[in-house]
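Everything below concerns the one structure shown next.
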Amino acid sequence: MKVTFPHMGHAWICLSAMLEYLGVSVVVPPPSSKRTLTLGVKHGPEFACLPLKLNLGNFIEAREAGADTVLMAGGCGPCRFGYYAQVEHAILEDLGHHYRLVVMEPPQRHIGELLAKIKYVTGQSSWWQVVQGIRFGYCKARAVDELEMAAHRLRPREAVPGATSAAFKDALRVVVQAGRPADMPAAVARAREIMAAVAVEARPVLRVGIVGEIYTLLEPFANLDIERRLGELGVEVDRSIYLSEWINDHLFLGLLRNMRSRRAACRAAAPYLNHCVGGHGQETVGSTVLYARAGYDGVIQLLPFTCMPEIVAHSILPRLDIPTLTLTMDEQSGEAGLVTRLEAFVDLLEQRGKRRVSLPAAAPA
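So in the working numbering, the last one in the sequence shown is 369, and the numbering has no gaps at all.
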């Protein structure tokens, strides 16, 4: 059995670490590219959103590399993502790519459901080995998220353009090469040293929160590497969802308490949207409220074209007290258009900040 999975940012690092630790042969698809998207657009439904098309392209390319089993997340609710595993499997069967499909549904009652599904994939692994494998993969997810957060802080302040991206690539390689749980402390320490070596300058920066649908948030190819582009424009970004947070909320059922949770965003969203609309629509509204309270300069919403939950959220964002920019991503999205809109939004935020500074202080009541 050779297992593959779709790309979603750096999720491949923790997935491959967990599976290989448990003795499973892993085929990591090539990084998502124009060829990946072309394959997905060619064989996927035209009305489907961007994640389905890129996932489909990932699976076709992984099949070419010898994969025979697909590990795919499931879901429920108004978002169509919960159907995608079955739809993609049917399309692949029609194309002659015969995969064994394993759908990782979010646990409904307890984390034991997740353990049972992973044990099913790994075969002879003991329950203790499965627990250790999950911990190993999760440790890598936490390490990668820490490096991404460091890159977000450093990039708008770097003294040498491109230094942060180069350091991040080197630090990521160190984390990837950690082959056992015992190797992780030294790998994380070394990765931190690499990021800390980036020379920075003290300069004012804008702070922008990025909210929206998780796939377009995490996958650089889907969002045209928006975090790097904003950093190079002098913007410090923060994502409303990081991979380890998503794992804790949806797979561990919030078992870990020492980290940011979707519950805070849902509470903040309640005056505007007090029920789930599928996907991350409610969290998008709540996270925007939280960014406004924290004094961020603006918020960018990312969503794939036709994403119903994010369309609902988009209708609410103008009511919140913070400048917002909504970017809809599909196979027609281009670099030039994105850069133009980002530059205009950053300029707007800079001018808005100058106006606030130049206004006289209000007289005390």
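Don't be surprised by glycine CBs; every beta carbon is placed ideally from N, CA and C.
**Item:** Cβ neighbours of V239 in the same chain (closer than 7 Å, five flanking residues each side left out)
**Value:** P160, V209, L210, V212, V350
**Asked** Y103 to R84, Cα distance in whole Å?
**Response** 21 Å
**Message:** In this structure, how does DSSP classify R113 when only helix, strand and coil are distinguished?
**Reply:** coil
**Asked** Would you call the stretch 308 to 322 and the stretch 330 to 343 touching, i.e. three or more CB-CB distances under 8 Å?
**Response** yes
**Item:** Integer Cβ distance of V74 from T8, believed to fall under 8 Å
**Value:** 6 Å
**Prompt:** Start and end of the alpha helix (DSSP H) containing T42?
**Reply:** 38 to 47
**Prompt:** Cα-Cα, which of R184, A155, L221, P165 is closest to E197?
**Reply:** A155
**Message:** Which of the three DSSP states is assigned to G357 in this structure?
**Reply:** helix
**Message:** Quick check: what's the CA-CA separation for A272 versus V289?
**Reply:** 8 Å
**Prompt:** Nearest-angstrom Cα distance between Y276 and G283?
**Reply:** 17 Å
**Limits of the beta strand (DSSP E) - the one that A77 falls within** = 73 to 77
**Prompt:** Under a three-way DSSP split, which group does D98 fall into?
**Reply:** helix
**Request:** Check R264 in the structure and name its three-state DSSP category.
**Result:** coil
**Request:** Classify Q305 as helix, strand or coil using the three-state DSSP reduction.
**Result:** strand
**Request:** Give me the Cβ distance between L58 and G44, rounded to the nearest whole Å; I'm assuming they're in contact under 8 Å.
**Result:** 6 Å
**Request:** Kindly provide the ranges of any beta strand (DSSP E) runs that are 3 or more residues long and lie completely inside the stretch 106 to 193, ordered along the chain.
**Result:** none
**Request:** With a cut-off of 8 Å on the beta carbons, I'd call I214 and L221 a contact; round off their distance for me.
**Result:** 6 Å
**Request:** Find the nearest neighbour of K6 within the set T40, N252, P33, Y88, judged by alpha-carbon distance.
**Result:** P33
**Message:** So for I214, helix, strand or coil by DSSP?
**Reply:** strand
**DSSP state of L54 mapped onto helix, strand, coil** = helix
**Prompt:** Buried or exposed: which applies to W131, given that a residue is buried once 16 or more other Cβ atoms fall within 10 Å of its Cβ?
**Reply:** exposed
**Prompt:** In angstroms, rounded to a whole number, what distance separates the CA positions of R233 and G116?
**Reply:** 41 Å
**Request:** Would you check if the distance between the CB atom of G258 and the CB atom of S248 is smaller than 7 Å?
**Result:** no
**Asked** Given that a residue counts as buried once 16 or more other Cβ atoms are within 10 Å of its Cβ, and exposed if not, what is N262?
**Response** exposed
**Message:** Do L41 and G48 have their beta-carbon atoms positioned less than 7 Å apart in this structure?
**Reply:** no
**Message:** Considering Cα atoms alone, identify which of P185, V125, E152, Q286 is closest to V28.
**Reply:** V125
**Request:** Pull up the distance between the alpha-carbon of L23 and that of V30, whole angstroms please.
**Result:** 7 Å
**Prompt:** Taking the C-alpha atoms as reference points, what is the distance between G357 and G302?
**Reply:** 11 Å
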